[in-house]
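Participant: Here the protein sequences line up with chains S and W, keeping their order. Read in our numbering, the first sequence has 92 at position 92, and its numbers run on one by one without any break. Read in our numbering, the second sequence has 1130 at position 130, and its numbers run on one by one without any break. Where a beta carbon is used, it is the ideal one built from N, C-alpha and C, also for glycine.
There are 2 protein chains.
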Amino acid sequence: MPPNIYEVARKAGVSIATVSRVLNDTGPVSPATRERVLAAMQALGYRPSALGRALAGKRREAIGLVFPDLAGPYHAGVISGIEDLAMREHQALLILGTHAREQAEELVRELASRVDGLVITGRTLSDQAVAELWQEGIRIVLLARPKIGEIPCVQSENVEPARRLAGSLLDRGLQPLFLGDPEASPDVAERWRGFLEAHRERGRSALPPIPTDLRQEGGYRAGLALLRGEPRPRALFCANDETALGVYQAAAQLGLRIPEELAVSGWDDIPQAAYAVPPLTTVCQPIFELGFEAGRMLVELIQGHPVQDLCLPSEVVWRGST
Amino acid sequence: MPPNIYEVARKAGVSIATVSRVLNDTGPVSPATRERVLAAMQALGYRPSALGRALAGKRREAIGLVFPDLAGPYHAGVISGIEDLAMREHQALLILGTHAREQAEELVRELASRVDGLVITGRTLSDQAVAELWQEGIRIVLLARPKIGEIPCVQSENVEPARRLAGSLLDRGLQPLFLGDPEASPDVAERWRGFLEAHRERGRSALPPIPTDLRQEGGYRAGLALLRGEPRPRALFCANDETALGVYQAAAQLGLRIPEELAVSGWDDIPQAAYAVPPLTTVCQPIFELGFEAGRMLVELIQGHPVQDLCLPSEVVWRGST
DNA sequence: TTGTATGCGTTATCAG
DNA sequence: CTGATAACGCATACAA
């Protein structure tokens, strides 16, 4: 139904080659014919087919984003960032949640066939599977996961801020408990590492981590159990803000005051963090930029430019909860 | 680089037509040759190209989602829902944020050329632009926006729950103030309508709405201004939960107790709502299902099946904030 | 039951 | 400067 390149060519009295030339500004075209072609395109409301173009050239003009799942403010922020970049670069954005499915690799391959490159995040595919895709020539940028071979990656600081935050709590005479599962994501694993380092530097030993999922309910449940136990912890170092806000709820239910009776810290600095009562001490991570930069790096890669790994700065934001 | 249908055909000693037949299960193939073709595909790791397939047939096997912007838990939830359905139906999912850009219509057309159909939400394109796309044969499902011509739509209840919620506040002797901009989205407009109806039914007049954006900061700012003024409102009916949580923050800062000195209600029932202190009275809207059902309806439409408009139930969830 | 040939909408490589 | 024409990877009438 929509007009194709032949109709434009016919209307302008030229060949499709010429139309293609003015369209992509490739090769010489006399001003006069260029004008006629442009007019014909305008008149017909011609829009080149992304499919035909992709099939002929090798550019799909689309990028893919692979997530473990799409819930929560963190993912939403990253999607926002990469979507922004995609629009600026005139790339379509395809997204896929693997949801710990068995077919994950199959789905990612399917996605890969539709795009010029992939941004792959945290716990989605195994390192081996990712390396395999890369070997096959699929352009990939890793987001918030450790380097695999030569594959470029972008992440934000985890170890150092965690070390500082935990260290600061220790120096105040508190014995923080780590709420989060280092196995859950590479990010959490690094935060746990920084947490450990802070202890080691001070010749102290850390308590084992309390595995929770990264949602508010996980923090709530774990918080309730811990705060009811003996000895009652005086400080909780949560793997992300949602967990910390769950702890807030548990503390409120038990009548414990923050920060007087319980210090709490989170991670991410989601919008809620600043508005919580009391405002949550957390680590501000540039979530939007993470997505944006991963996208930018991927586009560079696709264009054949050299790219460098990127580690965006995160910083501790001290607020009323500690 | 990846093997194509010709290589499979050659390896199996058949024609591409036969390969295509076993691939799509169209037309008769002898068990023996089918077996050989399958083996060849297996051996080569053949994956049909989505592009070639789309260009030849008319199916893109992809659907598009058009949002005003992608921030916040509401959008994230809807995306989750439609992503889930897309995976089940083996459809790729493309997403686009219009961000009130001028080029919006252009971008949507571009997106449309890559997919079999579009889910278009709230304030993205003008009704006229949407109607135009529909006329051109593009399959569309409207999400959270009023009906346009014959275009199928899915939304959740707004007027009735708003009427009940506001009515209940009125019956307790409170004079609620509406926090939100009816112009901001069709949903908010309907909530405002229900709010008005509750007043009319009781022969009372409503105070004019206080326009705020739908983020927490908007609620915080507006809340601060209102709660400092005279006479100080005793009840705030917020257009969504984020706004309400912003009000929480303003109230905390001013030392006002909820619900004793200020009743607050939200909308959406985002995860935070139940865990806020005190738990937020709100209207539970099936956000995930909204996305899921819109996707399902779109797939039905694409397959040529008849579809019916859908209005999902929302219900008031009374909690501690009122 | 299987193969041939054509079309889908572009880009790109040649000749003119 | 311009025009044929061959890919690109697949589906599908039409023949055999």
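Just reading off the alpha helix (DSSP H) that LEU1165/W is part of, what are its end residues?
Facilitator: If you look at LEU1165/W, you'll find it in the alpha helix (DSSP H) that goes 1159–1171.
Participant: According to DSSP, which residues form a beta bridge with VAL1247/W?
Facilitator: According to DSSP, residue pairing for VAL1247/W in a beta bridge does not occur.
Participant: According to DSSP, is GLU315/S helix, strand or coil?
Facilitator: DSSP places GLU315/S in strand when its eight states are reduced to three.
Participant: At a CB distance below 8 Å, what residues from the region 64–78 of chain S approach chain W? Give them in sequence order.
Facilitator: ASP69, LEU70, ALA71, GLY72, PRO73, HIS75, ALA76, GLY77
Participant: Under 7 Å Cβ-Cβ, which residues of chain S neighbour ARG1047/W?
Facilitator: ARG109, SER113
Participant: So if I threshold CB-CB distances at 8 Å, which residues from the region 26–50 of chain S count as touching chain W?
Facilitator: ARG47, SER49, ALA50
Participant: What are the partner residues of PHE1399/W, as DSSP defines its beta bridges?
Facilitator: Since the first and last residues shown for chain W are 1001 and 1322, residue 1399/W lies out of range.
Participant: In terms of residues, what are the limits of the beta strand (DSSP E) holding ARG1139/W?
Facilitator: 1139–1143
Participant: What do you reckon, are the CB atoms on ALA263/S and THR322/S nearer than 7 Å?
Facilitator: yes
Participant: The region 266–279 of chain S: which residues have C-beta closer than 7 Å to a C-beta of chain W, in chain order?
Facilitator: PRO271, GLN272, TYR275, VAL277
Participant: Name, going along the chain, the residues of the region 1120–1133 of chain W whose beta-carbon falls closer than 8 Å to a beta-carbon of chain S.
Facilitator: Within the region 1120–1133 of chain W, no residue has a Cβ that lies closer than 8 Å to any Cβ of chain S.
Participant: Tell me whether LEU111/S sits in a helix, a strand or coil according to DSSP, three-state version.
Facilitator: LEU111/S sits in a helix when the DSSP states are folded into three classes.
Participant: Considering only the alpha carbon of each residue, which of PRO146/S, LEU111/S, LEU70/S lies closest to GLN128/S?
Facilitator: PRO146/S
Participant: Start and end of the beta strand (DSSP E) containing VAL1283/W?
Facilitator: 1282–1284
Participant: Kindly indicate which three-state DSSP category SER1265/W falls into: helix, strand or coil?
Facilitator: strand
Participant: Determine the closest residue to PRO1152/W out of LEU1312/W, GLN1308/W, SER1265/W, with distance taken between C-alpha atoms.
Facilitator: GLN1308/W
Participant: Quick check on GLY1203/W: does DSSP put it in helix, strand or coil?
Facilitator: If DSSP states are grouped into helix, strand and coil, GLY1203/W belongs with coil.
Participant: If you scan the region 6–53 of chain S from start to end, which runs of the alpha helix (DSSP H) of 4 or more residues do you find wholly inside it?
Facilitator: 16–24, 31–44
Participant: In angstroms, rounded to a whole number, what distance separates the CA positions of THR124/S and GLU1300/W?
Facilitator: 30 Å
Participant: Between LEU1093/W and chain S, is any beta-carbon pair separated by less than 7 Å?
Facilitator: yes
Participant: What number of angstroms, rounded off, separates the C-alpha of MET1041/W from the C-alpha of VAL1008/W?
Facilitator: 6 Å
Participant: Identify every residue that forms a DSSP beta bridge with GLY1117/W.
Facilitator: ILE1063/W, ARG1139/W
Participant: Could you give the residue range of the alpha helix (DSSP H) that holds GLN272/S?
Facilitator: 271–275
Participant: Let me make sure I understand the geometry here. Which of CYS1311/W, GLY1057/W, VAL1277/W has the alpha-carbon closest to that of GLN1285/W?
Facilitator: Here the closest residue by C-alpha is CYS1311/W.
Participant: At a cut of 8 Å, does the region 1273–1289 of chain W reach the region 1052–1069 of chain W through at least three beta carbon pairs?
Facilitator: Contact between the region 1273–1289 of chain W and the region 1052–1069 of chain W is absent, because fewer than three Cβ pairs lie under 8 Å.
Participant: Below 8 Å on the Cβ atoms is my contact criterion, and I expect LEU236/S with VAL247/S to pass it. Report the Cβ-Cβ distance as a whole number of Å.
Facilitator: 5 Å
Participant: Using a Cβ-Cβ distance under 7 Å, would ALA252/S count as near chain W?
Facilitator: ALA252/S counts as touching chain W.
Participant: Tell whether a beta-carbon distance below 7 Å holds between ASP1116/W and ARG1060/W.
Facilitator: yes
Participant: Considering only residues of the same chain and omitting the five flanking positions on each side of ARG114/S, which have a CB-CB separation below 8 Å?
Facilitator: ARG60, ALA62, GLY64, LEU94
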